[in-house]
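Residue numbers (mature numbering (1 follows the signal peptide of the UniProt record, and there is no 0)): -20 to -1, 1 to 255. Quick reminder that beta carbons are idealized off the backbone N, C-alpha and C, glycines included. Nothing here was measured: the structure is a model prediction, and the numbers come from that model. Working notes, beginning with the structure itself.
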Ligand SMILES: [Cu+2]
């Protein structure tokens, strides 16, 4: 009985193998599965108006506060592409040295920050999932497990001591009632090991739909244009007012949890270029 089962499985496997090898030799062209590249473009704006100019573009919050940014940076990691069948391709997941990036408005070129992803399996992708910040799993690999990105984050001012860890989102600028004149600093990030320290985990994963399919192949490098609406910062799901109790906040206190939840809703894919 066992032998019979084994033999029938063996012949099924042999048939499938023969069929599939026929198919590949028949049409080499269509079956070319050479990986390609994909680009993510991040454009920071207020509402639907892109390209925030640091120290200049001023927004009024729902609570009536004028505010502008002098520093606007955040960490993106654990990028996952989701294909039309729901299959997921994880790009250097929990590997900050290769899979984490800093979006810095001061480095934007014509309002755009670029992340270029390489060696992406040829496929038709419908969604992307992005991590805002660095996951606990990645952080707990330890400093030697992410020496390159840790150094990069240090240089960019996106890290505290190793014990406290990364700054996930760094917002600095000025605010006020009639004009933006009072300085603020809101630095969101985890205080090290969140379960050992019993502190909130501010890492967020956000899934974004594509309005059209991104067709990755060796010929086509799709470019996914993401708008980040920074109006969500003070005017998101929790309307926030800056005052002396929270305008110099660093870490993961309740105000910064609210900021994180607000801005985790700020991303949307505006369009996809397939050229
Ligand atoms: Cu575009």
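Have a look at residue i and residue j and give me their C-alpha separation to the nearest angstrom.
i, j, result
"residue 75", "residue 127", "11 Å"
"residue 152", "residue 61", "31 Å"
"residue 169", "residue 35", "24 Å"
"residue 237", "residue 101", "36 Å"
"residue 139", "residue 163", "21 Å"
"residue 156", "residue 48", "10 Å"
"residue 131", "residue 40", "36 Å"
"residue 248", "residue 109", "11 Å"
"residue 212", "residue 122", "33 Å"
"residue 63", "residue 106", "5 Å"
"residue 1", "residue 103", "In this prediction, residue 1 scores a pLDDT of 45, lower than 50, which makes its location untrustworthy; the coordinate-derived value is nonetheless stated afterwards. In a straight line, the C-alpha of residue 1 is about 21 Å away from that of residue 103."
"residue 298", "residue 242", "Residue numbering for the chain in the displayed model covers -20 to 255; residue 298 lies beyond these limits and cannot be assessed."
"residue 21", "residue 177", "35 Å"
"residue 175", "residue 184", "16 Å"
"residue 141", "residue 79", "21 Å"
"residue 133", "residue 83", "11 Å"
"residue 232", "residue 14", "43 Å"
"residue 92", "residue 26", "14 Å"
"residue 173", "residue 240", "18 Å"
"residue 254", "residue 206", "15 Å"
Which term fits residue i, buried or exposed, when burial requires 16 or more other beta carbons within 10 angstroms of its beta carbon?
i, result
"residue 228", "exposed"
"residue 235", "buried"
"residue 251", "exposed"
"residue 197", "buried"
"residue 159", "exposed"
"residue 192", "exposed"
"residue 149", "buried"
"residue 217", "exposed"
"residue 29", "exposed"
"residue 57", "buried"
"residue 113", "buried"
"residue 99", "exposed"
"residue 199", "exposed"
"residue 86", "exposed"
"residue 204", "buried"
"residue 90", "exposed"
"residue 66", "exposed"
"residue 201", "buried"
"residue 5", "Confidence is the limiting factor: at residue 5 the pLDDT is only 40, short of 50, which leaves the residue's position unreliable, though a coordinate-based value still follows. Result: exposed."
To which residues does DSSP link residue i through a beta bridge?
i, result
"residue 55", "82"
"residue 114", "None, per the DSSP bridge assignment."
"residue 107", "62 and 189"
"residue 34", "Answer is none; residue 34 lacks a bridge partner."
"residue 100", "16"
"residue 48", "154"
"residue 43", "Residue 43 is not bridged to any residue."
"residue 93", "22"
Consult DSSP for residue i and reduce its assignment to one of helix, strand or coil.
i, result
"residue 119", "helix"
"residue 23", "strand"
"residue 199", "coil"
"residue 70", "strand"
"residue 254", "coil"
Counting contacts by CB-CB distance shorter than 7 Å, is residue i in contact with chain C?
i, result
"residue 44", "Chain labels in this structure do not include chain C; a single protein chain is all it has."
For this session: Would you mind listing the beta strand (DSSP E) stretches within the stretch 121 to 197 that are 3+ residues and don't spill past its ends, in chain order?
Result: Here the runs fully enclosed are 149 to 156, 162 to 168 and 184 to 196.
For this session: Could you pull out every unbroken beta strand (DSSP E) segment of at least 3 residues lying fully inside the stretch 204 to 252, listed in chain order?
Result: Qualifying beta strand (DSSP E) stretches, in chain order: 228 to 231.
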